[in-house]
Each structure stands twice: as structure tokens, then as C-alpha cells.
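Scroll down for the structure; my scribbles are underneath it.
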């Protein structure tokens, strides 16, 4: 069994959908939200620094549209880790599939607006997959998220045991786990493709989930059986990990939390 620091590839999803206009990017006058500055650095720089500070990083893959790649490369070239750029697909699942190509070991996947990411959180999801899980999903409880910032997150998933928010941080044990993304490919985001969700999870599992009959672990156990992979939740104590930069409101929340971290570290 490999150690959490034995070596991993990090994938940052930074693509912007063709034709989509991001409010924050438009206000900042940049072509991609990843380039929007917060606390003195572009969003993607904060994410990349957290990954680079995690022991064992062997490669950083950036999924982004080709026209923005040179600007991002210029921002990250000094991080002293191998960089690779992958052209973004028109949905997240296809983008992950493309970035996972050729990777043989563990992978950590996050988004370029996940500016409150920490090396500790990265280590936690890596520990789950190096400890036997095929995939790990980082979550935070509603209480922890609201304690971090009362306005930071408004979307929570209700389970029988608690309410959780997704932290946009995942880990895959290797190629076999990455291949499971085939089950989600070409479907776009579940929130916009209900039929795809039914097909992927199965109607009974979906009904139980919507009825609040499943705990988080129980739900992921059913998903594990369906895809023949062991999927483990990783509950992060710091609810700030569930606050990413989606809009002006969450930008302000993340900015305040980043500033507070810097003050505490000084």
C-alpha cells in the first residue's frame, strides 16, 4: 500500500464554457475567472500554491481553453513543479477524463476557484485513496460551513445523518478509478441533466436519496456497488473548504477568510 506522500498528480479544472460570460471575469476584464485577482493573486494561483505545498506532488495538470493557457503558465512557472495543459472539454466529466489520460498513480482533482484549499485537505483525500478507497469525495457539514462564514455557502445536500456541502475536492486511486468517469461522460452537470443522474445512480438509489433515507456513507456505499468501486467520503473539519468563488457574494466571503488566515499566520 502506498503512502499519502508517495507521489500524486493534481488536476485543476479551470475551463470556461464557450459563450458563457462570468460576472467576476467580466468585471475584472479578464477572459477566464481563474485570472481574477483575490488578496493580491489570481484565483488559480492560490489553488496551485496549496497543491504545490503538499508533499508528493509530481505533476500539475491545468484543464483550460488554449487561448488562456499561456497567461496561466506565466502565473505558475515559478512553482517548481512540472506543468501540463489539457484542453477543456464542454463538460466536467470529459475534462477529467482527458486530464487523467496517462496518469498511473493517485490523482487529486479540484477547481480553479477553490481558493481556500489547504495542503491538509489535499493530504486527507489522498490518505483515503492510498488507504484502500478507489475514490474520495471531500465534504463539510452545514454546521462547519456556517461556522466558517454564515454567507459562504447556501447549497447543502440533506442526508439522513446530516447536511453537507461539497468541497470541490476529489481523489482517485489511479486509472481504474478514473475509468469510472465513463459512466458520467457526455452528461454535463447532474443539476442540469436529471435523466443522466437517474441513469448513473439508478432510480431506486435516487429515490432513497431524495427521500432523505440514506446517510452520506450509505449513499456512497450504494454508488460504490453500482460502479464497483469503493467511494469514501472525507469530512473536513474546516467548513471554509466548501466556500469557493462563484459570484460577488462568495468572492467577498473567500476574500475575508483568506485575509484572516494571513493575519493569523503573520
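In full-length UniProt numbering, the protein residues as written are 1 to 266.
Using N, Cα and C, we set each Cβ at its ideal position, and we do this for glycine too.
All values reported here derive from a predicted model rather than from experimental measurement.
Self-check item: Proximity of residue 117 and residue 50 at Cβ, strictly below 7 Å
Solution: yes
Self-check item: CA-to-CA distance, residue 260 to residue 114, given in whole angstroms
Solution: 16 Å
Practice problem: Taking only the alpha-carbon atoms, compute the straight-line gap between residue 93 and residue 240 and give it to the nearest angstrom. | Solution: 25 Å
Quiz item: What residue does the alpha helix (DSSP H) around residue 95 start on, and which one ends it?
Solution: 92 to 100
Self-check item: Option nearest residue 77 by Cα separation, candidates 98, 52 and 97
Solution: 52
Quiz item: What is the DSSP secondary structure of residue 109, reduced to helix, strand or coil?
Solution: strand
Self-check item: Minimum Cβ-Cβ distance from residue 73 to chain D less than 7 Å
Solution: Structure shown: chain D not included; a single protein chain is present.
Exercise. Taking residue 106 and residue 126 to be in contact with their CB atoms under 8 Å, please state how far apart those CB atoms are, rounded to whole angstroms.
Key: The Cβ separation is near 6 Å, so the contact holds.
Exercise. Name the two residues that bound the continuous alpha helix (DSSP H) containing residue 227.
Key: 216 to 227
Practice problem: Would you mind working out which of 40, 60, 21 and 178 sits nearest residue 32, comparing C-alpha positions? | Solution: 21
Exercise. Taking the CB atoms as reference points, tell me whether residue 84 and residue 134 lie closer together than 7 Å.
Key: no
Quiz item: Should residue 91 go down as buried or exposed, given a rule of 16 or more other Cβ atoms within 10 Å for buried?
Solution: buried
Quiz item: In three-state DSSP terms, what is residue 42?
Solution: strand
Quiz prompt | Exposure of residue 264, with buried meaning 16 or more beta-carbon neighbours within 10 Å | solution = Of the residues assessed, residue 264 falls on the exposed side of the cut-off, its CB having fewer than 16 other CB atoms within 10 angstroms.
Quiz item: So, are the CB atoms of residue 231 and residue 224 less than 7 Å apart?
Solution: yes
Quiz item: To the nearest angstrom, how far is it from the Cα of residue 61 to the Cα of residue 100?
Solution: 9 Å
Quiz item: For the alpha helix (DSSP H) that residue 126 lies in, which residues bound it at each end?
Solution: 119 to 130
Quiz item: Do residue 177 and residue 220 have their CB atoms nearer than 7 Å?
Solution: no
Quiz item: In its own chain, which residues sit with a C-beta less than 7 Å from the C-beta of residue 30, not counting the 5 before and 5 after it?
Solution: 36
Quiz item: For the candidate residues 24, 13, 65 and 237, whose alpha-carbon lies nearest to that of residue 120?
Solution: Per the C-alpha coordinates, the member of 24, 13, 65 and 237 positioned closest to residue 120 is 237.
Quiz prompt | Residue from 258, 246 and 255 with nearest C-alpha to residue 23 | solution = 246
Self-check item: Opposing strand residues paired with residue 158 [DSSP bridges]
Solution: Residue 158 pairs with 163.
Exercise. With DSSP as the reference, label residue 76 as helix, strand or coil.
Key: Residue 76 falls in the helix class under three-state DSSP.
Quiz item: Between the beta-carbon of residue 38 and the beta-carbon of residue 153, is there less than 7 Å?
Solution: no
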